[in-house]
Each structure stands twice: as C-alpha cells, then as structure tokens.
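Chains as they are written, first to last, in full-length UniProt numbering: chain L, 169 to 399; chain C, 169 to 399. No residue lacks a Cβ here, since even glycine has one placed at the ideal position from N, Cα and C.
Number of protein chains: 2
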Amino acid sequence: ELVEIIRAFWQQQDMKGIRILVTAGGTRERIDPVRYLTNDSSGKMGYQLAAEAVRRGAEVTLVSAAVGLTPPPKVRLIRVESAIDMYEAVLAELPGIEVVIKAAAVADYRPVVQADEKIKKTEDKMHIELVRNPDILAEIGRRKTERQVIVGFAAETNHTEANALEKLHKKNADLIVANDVTQEGAGFSVDTNIVSLVRRDRPVRQLPIMSKQSVANAVLDEILSIRRERL
Amino acid sequence: ELVEIIRAFWQQQDMKGIRILVTAGGTRERIDPVRYLTNDSSGKMGYQLAAEAVRRGAEVTLVSAAVGLTPPPKVRLIRVESAIDMYEAVLAELPGIEVVIKAAAVADYRPVVQADEKIKKTEDKMHIELVRNPDILAEIGRRKTERQVIVGFAAETNHTEANALEKLHKKNADLIVANDVTQEGAGFSVDTNIVSLVRRDRPVRQLPIMSKQSVANAVLDEILSIRRERL
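Quick look at the structure:
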C-alpha cells in the first residue's frame with residue numbers, strides 16, 4: 169500500500185503535457201439500419217489507458233467506438249461508429265499528437281453495400297460481400313514523425329508473440345501489446361489482462377495476470393522509456 | 169400523480185401468478201472467437217416488460233441475449249448468446265408458460281461456418297455465407313395452446329402496420345407491438361418508444377410517444393384484456 173502511495177505521488181505528473189491519442193472499443197460495420205458486424209471488445213483496456221494517462225498529467229484525446237462505459241473525466245472524447253469514421257478521426261488528430269495508443273478493435277472488413285432499409289428475410293441463404301477497411305495502424309506508421317511513439321494491440325487466438333512481432337515491423341510501430349484472448353483472465357470484457365510487451369530489438373516482456381489498470385500503467389511506463397531513449 | 173398512485177395500488181397484483189416468458193436483447197451470431205453479427209437492440213423494452221410484469225405479480229422468466237443492463241429483481245434469468253440458444257431455451261420453457269412476449273431482436277441469419285480461430289485478414293474481399301435461423305415466434309405459434317397468449321414485436325423501417333398485420337397472421341400470434349425504428353423517440357437504445365398495438369379483428373391502437381415503462385404497462389394491459397375475452 170505504501171508502495172502504491174509513493175508510486176502514485178512520484179508518478180503524479182510524469183506524463184505532464186504529453187499529447188496522447190487513445191482509440192477504444194469495437195467498431196460497428198452496418199449491414200442495414202438495424203444490423204451490423206462487430207467484435208467482443210468492451211473498450212475497458214482503452215478507457216483504462218485514457219484514465220491513467222490523464223491521472224499522470226497527459227492531455228488525452230479518446231477516439232471511441234460504441235462502448236457501455238462512462239468516459240474518464242478530462243479526456244477530449246470523439247465518438248465514432250465504423251472503421252472509416254475512426255480512420256478519419258485519427259488521421260485528422262494525428263499531426264498534433266505525440267503518442268498514439270491503438271487499443272480499439274477495428275473491423276478488418278465492412279459490407280460492400282449498406283442498405284437504407286431493413287433487409288427483409290426472404291431467402292433461405294444469404295451472403296454478405298465484404299471489403300477491406302483501411303488499415304489505421306499501418307497508415308499512422310507511414311505518417312509517423314521522429315517525435316511520435318506508436319503503440320498497437322494484437323488480440324490473438326494463436327501464435328501470439330510471432331504475430332505481434334510481425335505486426336510491429338509491418339506497421340512501423342514502436343510497441344505492440346499482445347494478448348492471447350483465449351486465455352482465462354485475458355482479453356475482452358474481463359477486468360484483468362495477461363499481455364506481452366513486444367518492442368524492436370528487445371526481448372519480449374511477458375507480464376503476469378494484472379488488472380487492466382495495472383496493465384495500462386505498465387504500457388505507459390514503457391512509452392516513457394521509449395521516449396527517454398530517444399533523447 | 170394521484171392517478172399514478174391509484175393505478176399502482178389497483179394494479180398491484182393484477183397479474184398475480186401468471187407465468188410469463190419474456191425474451192430480450194439482440195442475439196449474437198459468431199463468425200469466429202472474436203467477431204459476430206448483431207443488431208441495435210439494447211434490451212431496454214424487454215427488461216422493462218419483465219420488471220413491470222414482476223411488479224404486477226407475474227412469475228417472470230427472462231431469456232436474455234447479451235445486454236448492458238442489470239436484470240430486474242425476482243425474475244428467473246436465462247442467459248443466451250445466439251438465436252439457436254434462444255430457440256432452445258424458449259421451447260424448453262414453453263409448456264409451463266401462459267404468456268410469451270418476444271421482445272428480443274433475433275438474428276434472421278447466422279454464418280454457415282463459425283471458425284475456431286480468429287480469421288486472419290489476407291484477402292481484399294471476403295464474403296460470409298449465411299443460413300436462416302429457426303423462426304422462434306412461428307414455432308411458438310405452431311405449438312400454441314388455447315390457454316397461451318403470444319406477443320411479438322415488429323421493428324420496421326417502412327410499412328410498419330402492414331408488416332405487423334402480416335406477421336400477426338403468419339406467426340399465429342395474438343398481439344404484435346409494432347414500431348418504426350426510424351422515428352425519433354422510437355426503437356433501439358432510447359428510453360421512449362412509439363408503438364402500435366396490432367390485434368386480430370381490431371382496429372390498430374396507435375399509442376403516443378411514451379416511456380418504455382409506460383409502453384410495457386400498456387402491453388401488459390392489452391394481454392390481460394385478451395385473457396379476459398377468452399373467459
């Protein structure tokens with residue numbers, strides 16, 4: 169407990185003035201006015217990151233897809249629905265940002281056609297034609313300046329670390345927070361997470377099971393360490 | 169206010185001992201361990217119906233798809249995810265039930281294949297093959313006994329009343345609660361609703377904009393009226 173108090177005091181302003189953009193939640197890709205494709209993201213990890221970054225003094229912009237959570241105080245909230253919405257919001261904010269943490273679960277595909285009226289069920293079979301959404305992390309990586317730190321997440325169901333390392337390099341990111349969502353106590357909806365921190369030319373740091381709040385602080389610590397090494 | 173108190177007192181036990189099954193929420197149809205198809209149902213209408221029925225003395229079983237709501241006290245809660253889960257749960261309960269209110273938004277289709285591992289994005293295009301889910305309301309209508317009252321919902325974006333009347337007859341239901349979800353103050357997520365009550369051989373009763381709690385009580389009143397007419 170004393171350790172926590174000292175830590176809280178010491179940390180209080182260690183991100184003071186750093187402009188951080190956090191994305192959170194699962195995007196919704198509309199099929200028609202009442203139906204959509206989505207994923208299991210609860211937004212908890214992203215919201216914890218935003219809340220802890222604010223507590224540590226950062227200026228936080230939270231680009232959030234629909235979640236059942238109350239936004240943390242003092243964040244600038246931008247609500248979006250689809251991957252396209254999120255892509256546009258993130259790229260518009262990017263020039264003024266020093267750290268991007270992409271905690272949202274963005275749909276890889278969206279329906280080609282979005283019907284204006286509810287589709288009536290008539291056929292026994294149906295199929296939905298999907299096209300790739302723009303890759304937000306890759307586009308941020310392409311536009312990245314020397315001052316910027318880019319953090320991605322990789323929610324995997326197998327080959328977690330190998331997939332994360334590939335993502336790190338392909339997307340020109342600085343840190344990938346990887347988790348195997350099939351592990352108990354990890355991933356979506358639950359309040360804990362089990363993650364590995366994957367960086368360039370560093371051994372993978374496998375963290376034990378932690379609250380999402382503690383994972384958020386571990387990720388923010390790692391970001392500060394990356395920034396210090398660049399000085 | 170006095171009217172409300174008198175109403176609350178008078179109504180207190182007017183559904184005493186009636187066994188009601190309410191379905192609520194939007195089903196989730198899995199594509200893989202992290203992705204699914206769903207719809208905009210918040211579950212609010214179904215949860216209000218369950219809560220008001222309990223308050224009026226009914227014995228309520230609530231078959232609920234995933235929602236961000238706290239279940240009302242005293243209901244027997246059965247949680248389900250997909251349309252198939254809901255179909256099985258409802259039919260298992262049906263023989264002991266006197267009133268079924270199908271407020272859930274059940275997906276009409278589900279993916280043919282549900283992948284065991286997260287599907288990796290590799291192609292520019294993708295398509296999802298879907299098959300029809302079993303029609304829960306139609307199956308309840310087929311099995312309906314003389315004692316049972318069956319209530320369905322019709323969330324439409326056009327031709328609301330015509331579609332509701334067709335649904336009433338095709339599904340062998342006793343009452344359809346119809347709403348045009350494109351109207352402001354109606355439909356998903358909001359706390360109000362604008363509905364029409366559609367019965368056999370009766371003029372349609374178009375209700376004004378009301379809280380979902382008041383709509384719930386109007387629907388329960390209509391159910392009691394149908395039961396009285398059968399005596």
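Is residue i close to chain L, meaning its C-beta is less than 7 Å from at least one C-beta of that chain?
{"i": "residue 336(C)", "result": "no"}
{"i": "residue 212(C)", "result": "no"}
{"i": "residue 238(C)", "result": "no"}
{"i": "residue 286(C)", "result": "yes"}
{"i": "residue 325(C)", "result": "yes"}
{"i": "residue 270(C)", "result": "no"}
{"i": "residue 289(C)", "result": "yes"}
{"i": "residue 359(C)", "result": "no"}
{"i": "residue 389(C)", "result": "no"}
{"i": "residue 276(C)", "result": "yes"}
Could you spell out the range, first to last residue, of the beta strand (DSSP E) harbouring residue i?
{"i": "residue 295(L)", "result": "293-300"}
{"i": "residue 375(C)", "result": "Element bounds for residue 375(C): n/a, residue is neither H nor E."}
{"i": "residue 289(C)", "result": "Per DSSP, residue 289(C) belongs to no beta strand (DSSP E) and is neither H nor E."}
{"i": "residue 321(C)", "result": "317-324"}
{"i": "residue 344(L)", "result": "343-348"}
{"i": "residue 195(L)", "result": "Careful: residue 195(L) lies outside any beta strand (DSSP E) and carries neither H nor E."}
{"i": "residue 248(L)", "result": "Segment: none, residue 248(L) is in no beta strand (DSSP E) and carries neither H nor E."}
{"i": "residue 367(L)", "result": "364-367"}
{"i": "residue 184(C)", "result": "No beta strand (DSSP E) holds residue 184(C); DSSP gives it neither H nor E."}
Answer yes or no: does any C-beta atom of chain C fall closer than 7 Å to that of residue i?
{"i": "residue 255(L)", "result": "no"}
{"i": "residue 203(L)", "result": "yes"}
{"i": "residue 313(L)", "result": "no"}
{"i": "residue 296(L)", "result": "yes"}
{"i": "residue 207(L)", "result": "yes"}
{"i": "residue 300(L)", "result": "yes"}
{"i": "residue 215(L)", "result": "no"}
{"i": "residue 329(L)", "result": "no"}
{"i": "residue 184(L)", "result": "no"}
{"i": "residue 348(L)", "result": "no"}
What residue does the alpha helix (DSSP H) around residue i start on, and which one ends it?
{"i": "residue 328(L)", "result": "328-338"}
{"i": "residue 219(L)", "result": "212-223"}
{"i": "residue 380(C)", "result": "380-397"}
{"i": "residue 236(L)", "result": "Note, residue 236(L): premise wrong, no alpha helix (DSSP H); not H, not E."}
{"i": "residue 275(C)", "result": "From DSSP, residue 275(C) is part of no alpha helix (DSSP H); its letter is neither H nor E."}
{"i": "residue 260(L)", "result": "251-261"}
{"i": "residue 311(L)", "result": "304-311"}
Quick one: residues in its chain with C-beta nearer than 7 Å to the C-beta of residue i, no 5 flanking neighbours on either side, listed in chain order?
{"i": "residue 193(L)", "result": "209, 211, 214, 232, 233, 234, 235, 272"}
{"i": "residue 242(L)", "result": "222"}
{"i": "residue 323(C)", "result": "273, 347, 349, 355"}
{"i": "residue 374(C)", "result": "364"}
{"i": "residue 351(C)", "result": "362"}
{"i": "residue 270(L)", "result": "191, 304, 305, 319, 320, 321"}
{"i": "residue 380(C)", "result": "212, 213, 216, 359, 360, 361"}
{"i": "residue 240(C)", "result": "215, 218, 219, 222"}
{"i": "residue 333(L)", "result": "366"}
{"i": "residue 312(C)", "result": "318, 340"}
Counting only the same chain and skipping the five closest in sequence on each side, list residues whose C-beta sits under 6 Å from that of residue i.
{"i": "residue 296(L)", "result": "279"}
{"i": "residue 372(L)", "result": "329, 364, 366"}
{"i": "residue 377(C)", "result": "353, 360, 362"}
{"i": "residue 255(C)", "result": "302, 304"}
{"i": "residue 198(L)", "result": "204, 282"}
{"i": "residue 116(L)", "result": "As shown, chain L starts at 169 and ends at 399. That puts residue 116(L) outside it, with no answer to give."}
{"i": "residue 382(C)", "result": "none"}
{"i": "residue 308(C)", "result": "268, 318"}
{"i": "residue 287(L)", "result": "200"}
To which residues of the same chain is residue i closer than 8 Å at the C-beta, ignoring the five residues directly before and after it?
{"i": "residue 261(L)", "result": "189, 229, 231, 246"}
{"i": "residue 183(C)", "result": "221, 224, 225, 226, 388, 392"}
{"i": "residue 394(C)", "result": "317, 342, 343, 367"}
{"i": "residue 174(L)", "result": "none"}
{"i": "residue 249(C)", "result": "195, 196, 198, 233, 234"}
{"i": "residue 264(C)", "result": "187"}
Are the Cβ atoms of residue i and residue j separated by less than 7 Å?
{"i": "residue 276(L)", "j": "residue 289(C)", "result": "yes"}
{"i": "residue 266(C)", "j": "residue 186(C)", "result": "yes"}
{"i": "residue 390(L)", "j": "residue 326(C)", "result": "no"}
{"i": "residue 305(L)", "j": "residue 339(L)", "result": "yes"}
{"i": "residue 205(C)", "j": "residue 294(L)", "result": "no"}
{"i": "residue 384(C)", "j": "residue 216(C)", "result": "yes"}
{"i": "residue 200(C)", "j": "residue 300(L)", "result": "no"}
{"i": "residue 257(L)", "j": "residue 195(L)", "result": "no"}
{"i": "residue 331(L)", "j": "residue 203(C)", "result": "no"}
Going along chain A in order, which residues have a C-beta closer than 9 Å to the C-beta of residue i?
{"i": "residue 292(L)", "result": "Annotation note: the requested chain A is absent from the structure, which comprises protein chains L and C."}
So residue i and residue j are supposed to be a Cβ contact under 8 Å. How far apart are they, rounded?
{"i": "residue 319(L)", "j": "residue 268(L)", "result": "7 Å"}
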